[in-house]
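Reading through the structure tokens given below for one structure.
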Amino acid sequence: MPTEPTTGYDPTLGKKFIFVTGGVMSGLGKGITAASTGRLLANAGFDVTAVKVDPYLNVDAGTMNPYEHGEVYVLKDGGEVDLDLGNYERFLGIDMTSDHNVTTGKTYQSVIDAERAGDYLGKTVQIIPHVTDDIKRRIREAADGTDVCIVEIGGTVGDIESMPFLEALRQFASEEDDEDLLFMHVTLVPYSMNGEQKTKPTQHSVKELRSIGLQPDILVGRSEHTLEAETKTKIARFCDVSTEAVFSNPDVPDIYHVPLMVEEEGLDEYVMEQLGIAEGALPKADRSQRWRELVTRDRNRTVTVALVGKYGLEDAYMSIHEALKHAGIERETDVEVLWVDADRMHDEHTERLESADGIIVPGGFGARGTAGKIEAVQYAREHEIPFLGLCLGFQMAVIEQARNVLGLEGAHSAEIDNETPHPVIDILPEQKEIDDMGGTMRLGAHETQIQAGTLAEAIYQADSCTERHRHRYEVNPEYIDQLESGALTFSGTAGRRMEILELEDHPFFLGTQFHPEFRSRPDRASPPFVGFLDALLEQQSDDTTPEDEVTA
Ligand code: GLN
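Using the numbering used here, read the sequence shown as starting at 85 and increasing by one per residue.
This is the structure in structure tokens:
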């Protein structure tokens with residue numbers, strides 16, 4: 085046994101893979117279970133990475149509607165990927181690349197391209213072995229240089245779409261040592277009418293998995309409460325695993341508590357023993373304190389933030405919710421998000437806006453909801469409510485300034501009104517000739533120069549920042565002088581491009597052309613979100629009159 089705990093890649097261990105599949109139904113939180121397992125291994129000192137397999141035909145998530153699929157997450161290399169990758173980055177504290185999101189579209193595209201190039205000359209190109217080989221190659225490459233790679237297969241076992249991937253895993257298993265692989269299957273354990281935990285759906289989905297040649301090593305039962313001993317025994321007996329290999333994953337109020345909860349049942353120990361890496365782990369006492377301290381930190385204050393968007397679905401703005409949570413951890417504050425539908429600004433949603441301590445206008449595409457977003461910006465500006473505008477929200481702030489402060493009637497974004505007399509937001513010049521929609525925006529990490537003496541500098545405590553982008557439109561250079569003639573300053577720029585805006589004489593008014601939410605982590609909150617939260621807290625303490633303090 086090593087005297088010094090290992091904390092990096094140990095080539096003598098061999099690369100380890102944990103494949104995570106899901107049964108019974110989607111939306112069980114399979115990604116969170118997988119990410120939590122990864123977190124525990126990282127807590128034990130291993131280098132962990134993840135691959136998300138999405139069995140859809142889209143090459144990437146970039147063209148998918150957030151309504152159907154939740155937000156499109158953006159990686160530093162510009163990859164537009166499934167939101168589960170956001171969870172992996174946040175849970176594991178790593179930066180991933182597009183190679184970590186394998187889709188049917190990507191594999192078929194490369195196999196078909198290779199066929200056209202003549203790489204298989206003379207051969208019949210088939211799902212087995214050509215597509216399955218491509219899948220295995222992608223997984224192995226993404227795992228390179230790490231100790232453990234978690235591979236999550238999207239969808240539910242039994243779906244036609246996931247068949248080539250599961251077949252690739254079956255082949256993978258026959259090519260690698262047993263000790264280097266673990267199959268984890270996450271299923272639903274529902275309750276009967278009389279409150280009994282039912283194992284039949286789990287049994288059926290394991291049967292389905294076995295019919296394609298995969299035997300799970302670990303079963304995780306998603307359920308309202310912890311699995312009862314009897315439930316575990318029954319699952320073990322019917323699914324051919326030991327009782328120690330059955331774990332509970334009950335509902336918790338905060339996803340960041342899942343690692344701690346599965347740790348309590350010993351999931352980390354079991355996984356490490358099965359993979360033969362237990363001896364290289366940090367001593368148990370040194371493992372999860374940092375994570376535990378972060379996610380259980382007291383939050384003795386509460387602020388409310390109005391999020392003015394158009395997709396009435398929390399997943400569509402997942403990274404913003406998480407970034408607010410991270411700022412909340414840093415400032416020991418609970419952040420409550422009030423959903424405001426930009427299309428319903430004139431009914432009860434206006435009241436919600438008015439009751440919030442601060443306002444966020446997030447990113448988005450297309451015309452719907454923009455009128456309401458512009459109204460929300462105006463409300464924040466005129467009532468001196470802390471405001472954070474992200475991407476489209478930044479653009480809406482420019483339009484609001486042009487119309488209501490500079491009197492440029494009809495000012496708009498060319499994306500929304502291409503006949504506007506004042507296109508203060510216009511298409512990026514390099515975008516003009518582009519017709520394809522997939523992967524063609526200005527994407528990924530780019531550096532912004534920050535002007536000295538500004539709010540942006542105070543927030544970032546630096547003269548530059550590198551944040552992730554996803555946009556096709558920008559501030560029209562022809563209007564910059566006019567826009568800056570009053571209280572507005574573009575305090576962050578990247579050459580010709582305006583990246584950050586702020587207003588003087590306002591407690592906190594900040595817009596960013598980029599998406600700072602994608603770099604936010606539980607232990608590294610995003611500066612604009614922390615700055616915004618500080619402004620809310622300051623506002624709250626200003627509102628507390630001495631009289632309140634006496635009665636409090
Ligand atoms: N639709 C805007 C653009 O393409 C904003 C994009 C966004 O909010 N991500 O520039």
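All residues carry an ideal CB built from backbone N, CA and C; glycine is no exception.
These figures come from a predicted structure and were not determined experimentally.
Keeping to the same chain, check which residues put their C-beta closer than 7 Å to that of Tyr93; ignore five residues upstream and five downstream. Interpretation of Tyr93 is limited by its pLDDT of 45, a score under 50 that renders its predicted location unreliable; the figure taken from the coordinates is listed afterwards. Once the five neighbours on either side are set aside, the close Cβ partners of Tyr93 are Asp131, Gly229, Thr230 and Asp231.
Give the straight-line distance between the Cα atoms of Ala536 and Asp547, rounded to the nearest whole angstrom. A straight-line Cα-Cα distance of about 7 Å links Ala536 and Asp547.
My guess is that Asp338 and Val379 are in contact by the Cβ rule of under 8 Å, so how many angstroms apart are they, rounded? For a cut-off of 8 Å, the C-beta gap from Asp338 to Val379 is around 7 Å, short enough to register as a contact.
To the nearest angstrom, how far is the alpha carbon of Pro513 from that of Gly570? When rounded, the separation of the alpha-carbon atoms in Pro513 and Gly570 is 27 Å.
Go to Asn384, then tell me how far its alpha helix (DSSP H) extends in each direction, as first and last residue. Taken as a continuous stretch (DSSP letters only), Asn384 belongs to no alpha helix (DSSP H), as it is neither H nor E.
Quick one: residues in its chain with C-beta nearer than 8 Å to the C-beta of Ala542, no 5 flanking neighbours on either side, listed in chain order? Result list for Ala542: Gly615, in chain order.
From Phe101, Ser625, Asp626 and Asp627, pick the residue whose C-alpha is nearest to that of Ile361; which is it? Minimum Cα distance to Ile361 is reached at Phe101.
Measuring CB to CB, does Glu586 end up less than 7 Å from Thr596? No, they are not a contact pair.
Is the distance from the Cβ of Lys394 to the Cβ of Gly453 below 7 Å? Contact flag set, yes.
Alpha carbon to alpha carbon, what distance is there between Asp626 and Glu236? Glu236 and Asp626: Cα-Cα distance of roughly 48 Å.
Which two residues bound the contiguous alpha helix (DSSP H) that contains Gly106? It is not in any alpha helix (DSSP H) - Gly106 instead sits in the beta strand (DSSP E) that spans Lys100 to Gly106.
Buried or exposed: Tyr544, going by 16 or more other Cβ atoms within 10 Å of its Cβ? Taking a 10 Å sphere around the C-beta of Tyr544, we find 16 or more other C-beta atoms and assign the residue as buried.
Environment of the ligand GLN in chain order, Cβ to heavy atom below 5 Å: Counting every residue whose Cβ lies closer than 5 Å to a heavy atom of the ligand GLN, we get Gly447, Phe449, Cys475, Leu476, Arg554, His555, Arg556 and Tyr557.
Near Glu622, what residues of its chain come up, given a Cβ to Cβ distance below 8 Å and the 5 sequence neighbours on each side ignored? Hits under 8 Å: Pro591.
Tell me whether the beta-carbon of Gly442 lies closer than 7 Å to the beta-carbon of Leu474. For Gly442 and Leu474, no; Cβs fall outside 7 Å.
Helix, strand or coil for Glu88 per DSSP? Its pLDDT being 39, under 50, Glu88 is placed unreliably in this model, and the coordinates cannot settle the point.
Whole angstroms are fine: how far does the CA of Asn185 sit from the CA of Leu124? Leu124 and Asn185: Cα-Cα distance of roughly 22 Å.
How would you write the range of the beta strand (DSSP E) that Arg552 sits in, first residue to last? In the DSSP assignment, Arg552 falls within the beta strand (DSSP E) that extends over Ser548 to His555.
Beta-carbon proximity of Ala145 to Val165, cut-off 7 Å: Cβ atoms of Ala145 and Val165: closer than 7 Å.
With a cut-off of 8 Å on the beta carbons, I'd call Gly106 and Lys99 a contact; round off their distance for me. 23 Å between Cβ atoms; not a contact.
Out of Ala440, Ile211, Gln533 and Gln373, which has the shortest C-alpha to C-alpha gap to Thr388? It is Ala440.
Is it buried or exposed, Asn278, if we count other Cβ atoms within 10 angstroms and call 16 or more buried? It is exposed - the Cβ of Asn278 has fewer than 16 other Cβ atoms within 10 Å.
Beta-carbon gap between Leu408 and Val419 smaller than 7 Å: Cβ distance < 7 Å, so Leu408 and Val419 count as in contact.
Using a 10 Å radius around the Cβ and a threshold of 16 neighbouring Cβ atoms, would you call Ala252 buried or exposed? Sixteen is the threshold: when 16 or more other Cβ atoms of the shown chains lie within 10 Å of the Cβ of Ala252, as they do, the residue is buried.
Contact check, Glu639 vs Arg581, beta carbons under 7 Å: Here the chain comprises residues numbered 85 to 636, so residue 639 is not present and cannot be evaluated.
Measure how close the beta-carbons of Leu311 and Thr271 come, nearest whole angstrom, since I'm counting them as under 8 Å. Incorrect: roughly 11 Å between the Cβ atoms, too far for contact.
Residue(s) in a DSSP beta bridge with Ile302: In DSSP, Ile302 forms a bridge with Met268.
What residue from Ala464, Ile212, Val325 and Thr147 has the CA that sits closest to Phe256's CA? For Phe256, the closest of Ala464, Ile212, Val325 and Thr147 by C-alpha to C-alpha distance is Ile212.
Assigned secondary structure, Ser110 (DSSP; H/G/I helix, E/B strand, else coil): Residue state for Ser110 is assigned as coil, using DSSP reduced to three classes.
Bridge partners - Phe175, DSSP secondary structure assignment: Phe175 is not bridged to any residue.
Taking only runs of the alpha helix (DSSP H) that begin and end inside the region 205 to 278, which ones reach a length of at least 4 residues, in chain order? The region 205 to 278 contains these whole alpha helix (DSSP H) runs: 216 to 227 and 247 to 259.
Apply the 10 Å Cβ neighbour rule to Ser120 and answer buried if 16 or more other Cβ atoms are within range, or exposed otherwise. By the neighbour-count rule (16 or more Cβ atoms within 10 Å), Ser120 is buried.
Comparing alpha-carbon positions, which option in Ser575, Lys516 and Arg222 lies nearest Arg556? Considering only alpha carbons, the answer is Lys516.
So what does DSSP say about Phe602, is it helix, strand or coil? Helix at Phe602.
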